[in-house]
Amino acid sequence: MSTLKPSTIRIGHRYRPNRLAPSYDAIVIGSGIGGLTTAALLSDLGWKVCVLEQHYTAGGYTHSYDRNGYEWDVGVHYIGDVGAKTRSRMLFDFLSAGKLQWAPMADEYDRFFIGDKVFSAIAGKQQFRDNLVARFPAEEKGIDRYMQLLEIVSNGIAVHSISRVLKPWQRILAWPYLKLKTPALLYRNTYDVLRELTQDDDLIAVLCGQWGDMGLPPKRSAFMVHAMIARHYMYGGFYPIGGSWNIAESIIPQIQKSGGEVFTYARVKRILIENGKALGVEMADGHRINCTCVISSAGADNTLTDLLPAGPVSKAGYYDLLGRVKPSMAHLGVYIGLKETAAQLGLPKTNFWIYPSNDFDGAVDDFFDNAEAEFPVVYISFPSAKDPDYERRHPGTATIEIVAPAPFEWFEKWKGTTWGKRGDDYDAFKAQLGERLMEYLYDKLPQLRGKVDYYEVSTPLSTEHFCAYGHGELYGLDHDSARLKQTWLGPRTRFKGLWLTGQDVLTCGVTGAMMAGLMTTTAIVGMRKAGPLMKKIFGRT
Ligand SMILES: Cc1cc2nc3c(=O)[nH]c(=O)nc-3n(C[C@H](O)[C@H](O)[C@H](O)COP(=O)(O)OP(=O)(O)OC[C@H]3O[C@@H](n4cnc5c(N)ncnc54)[C@H](O)[C@@H]3O)c2cc1C
0 MSTLKPSTIR IGHRYRPNRL APSYDAIVIG SGIGGLTTAA LLSDLGWKVC VLEQHYTAGG
60 YTHSYDRNGY EWDVGVHYIG DVGAKTRSRM LFDFLSAGKL QWAPMADEYD RFFIGDKVFS
120 AIAGKQQFRD NLVARFPAEE KGIDRYMQLL EIVSNGIAVH SISRVLKPWQ RILAWPYLKL
180 KTPALLYRNT YDVLRELTQD DDLIAVLCGQ WGDMGLPPKR SAFMVHAMIA RHYMYGGFYP
240 IGGSWNIAES IIPQIQKSGG EVFTYARVKR ILIENGKALG VEMADGHRIN CTCVISSAGA
300 DNTLTDLLPA GPVSKAGYYD LLGRVKPSMA HLGVYIGLKE TAAQLGLPKT NFWIYPSNDF
360 DGAVDDFFDN AEAEFPVVYI SFPSAKDPDY ERRHPGTATI EIVAPAPFEW FEKWKGTTWG
420 KRGDDYDAFK AQLGERLMEY LYDKLPQLRG KVDYYEVSTP LSTEHFCAYG HGELYGLDHD
480 SARLKQTWLG PRTRFKGLWL TGQDVLTCGV TGAMMAGLMT TTAIVGMRKA GPLMKKIFGR
540 T
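Structure (structure tokens):
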């Protein structure tokens, strides 16, 4: 049985009831990028905000941890759209007061191994298109049409986002306009849309080679999210210099400026609701914090099923609505440390995506039916190669991370056991899965055999423990068409003073959850007050 030393990376302040201010203007549950963004934007408007995080460190999926002299990120491998003065970049700059810096990956930011073929995604819109056309010359027309569809979806996403911020009556009034401006394409199935552009299964596979970035293969995902991700990375991938923990580290001072704080070890047990209104929260230690504005970034499912009393949730009709959405898939992580630098080991600044064949959906079905089947996707990332600051912090070493899907059900029998002490059978199962995943790495980079100093495997139960997702969800709710059509999934809830933010409000991804923070802030303070804030951030409303 293993004994694991806890990480020394700790962002945020440890919660104690006597460390709380006498009152707050808002409470945010969860310190992921969605929660921190909402808290920082409200703080900029002068609100005193208390962020409560159950983990020992702030950041949610943007947190990092260290062990045995190595440091890994758990939910950030690359972020797009920050290489120029885009809206995403401007918001990151605003939230971090310019402290967050970005290092570009290689021009070939993603490499797809599909069966025995290898394809690339190349940074730059024209380069991306030309590279595809060079590989699939007969499909030029379809590729150009694909590029056009990405633009159409991009405009539609803005309308989709606005519609989620509106009050229900405003949405009804604006419905004819929203309907006109929202292309049906957004909510269509990714595979169906692509099938109309090309009959080449390899091309469809390459276009969907990033399906792991939202957790659904093409026959199950909504084209809106597919297109968002493709566009997001089209100008290349970027890595937060110094590691992803710097995201929370650089945002927290903006929250503190207005007297707010980010508390860790601060598990919220329930949200206090009376007569349909939020009155504050009750902490796991029984302490109550009164506040009439409560914002949950803990995920829609957690918030509605675990944090709220069943009676009011049922009365508000949420159980029916929750039946229309489902949790995203769970995952395994392998965190690897090597005693040479990324340069010495020849590690690339390119992510690897390894697929058994171009039938992505079929491979997922096979694997979920049979744990011995090939992994439907194995993603390998080389964080120390991407981070120009890594060697200063951890000289002479390198790190690699592997992510692969795994159903939560495989681990359910160990639910409720203690982290680090789940039992020999659990450790043996984990070890066997880890060894299988390590073989994918050695197959692609044989020079690494014999060079690995340390590795450990995380399972969906690790996700449940550290990030509080009850089904070990990788990306909150599944990104299928049904979910995206749910107008109730937005910042507003059916309880006065209770708001949602984070990846279930818009989409997953650090930028998706960050934009949700902007949406939630706008919904809370109203368009009139949000206008000047937008101007400050983006230079225009
Ligand atoms: C393996 C993996 C790889 C990824 N790679 C990338 C990538 O390369 N690029 C990218 O853009 N995105 C990536 N993502 C997705 C991205 O990290 C997430 O979509 C995003 O960070 C989610 O932010 P959030 O604020 O919505 O939620 P989270 O970051 O999940 O934050 C929610 C927080 O709420 C806390 N919480 C829950 N319940 C309670 C409670 N009762 N009391 C107090 N606190 C509570 C949790 O502990 C957690 O900290 C990845 C995700 C994973 C899992």
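The sequence shown begins at 0 in numbering that gives the first Met the number 0 and counts up by one. For each residue, glycine too, the CB sits at the ideal point set by N, CA and C.
- In the three-state DSSP reduction, R493 falls in the coil class, being neither helix nor strand.
- If you draw a straight line from the Cα of C290 to the Cα of W244, it is about 29 Å long.
- At least one heavy atom of ligand 1 lies less than 7 Å from the C-beta of L473.
- Taking the CA atoms as reference points, L131 sits about 7 Å from I142.
- The beta carbons of M146 and F237 sit no closer together than 8 Å.
- In this structure, the alpha-carbon of I151 lies about 14 Å from that of K178.
- Using a 10 angstroms sphere on the CB of P167, the tally of other CB atoms stays under 16, which defines it as exposed.
- Annotation for I353: the continuous beta strand (DSSP E) segment containing it runs 350-354.
- Within the same chain, and ignoring the five residues on either side of F465 in sequence, the residues whose Cβ sits closer than 6 Å to its Cβ are H54.
- Within 7 Å of the C-beta of I78 there is at least one heavy atom belonging to ligand 1.
- Between W498 and T519, the CB-CB gap stays under 8 Å.
- For H286, the three-state secondary structure derived from DSSP is coil.
- A buried status is given to L331, since no fewer than 16 other beta-carbon atoms sit within 10 Å of its beta-carbon.
- Within the same chain, no Cβ atom closer than 6 Å to the Cβ of P5 is found once the five residues on either side in sequence are excluded.
- Note that the region 310-323 touches the region 491-507; at least 3 beta-carbon pairs, one per stretch, sit closer than 8 Å.
- Between T263 and G11, the gap from beta carbon to beta carbon is short of 8 Å.
- The criterion of a C-beta distance shorter than 8 Å is not satisfied by T61 and I272.
- Proximity of the region 277-296 to the region 428-444 falls short of the contact definition, fewer than three beta-carbon pairs being nearer than 8 Å.
- Contiguous alpha helix (DSSP H) elements confined to the region 19-86 occur at 32-43, taking only those with 4 or more residues.
- A residue is called buried once 16 or more other Cβ atoms fall within 10 Å of its Cβ, and R110 is buried on that count.
- Nearest in C-alpha terms to V333, of all of V504, P311, E400, is E400.
- A221 carries a strand assignment under DSSP once its states are collapsed to helix, strand and coil.
- When beta bridges are read from the DSSP output, F237 appears opposite I78, P103.
- Of the candidates A57, I28, Y23, G31, Y23 places its Cα closest to the Cα of S42.
- Put simply, of L44, P387, A342, F222 the residue whose alpha carbon is nearest the alpha carbon of L148 is F222.
- For A297, the CB falls within less than 7 Å of some heavy atom of ligand 1.
- Rounded to the nearest whole angstrom, the CA to CA distance from R266 to L278 is 17 Å.
- Residue environment: Y190 is assigned as buried (16 or more neighbouring CB atoms within 10 Å of its CB, all protein chains considered).
- Under DSSP, H330 forms a beta bridge with P404.
- Assignment of R269 by DSSP, reduced to helix, strand and coil, places it in the strand class.
- G449 and S95 have their C-alpha atoms spaced approximately 40 Å apart.
- The region 29-39 and the region 513-527 touch, with no fewer than 3 CB-CB distances between them shorter than 8 Å.
- Burial check for W46: the Cβ neighbour count within 10 Å reaches 16 or more, so the residue is buried.
- Annotation for S6: no alpha helix (DSSP H) segment contains it, and DSSP assigns it neither H nor E.
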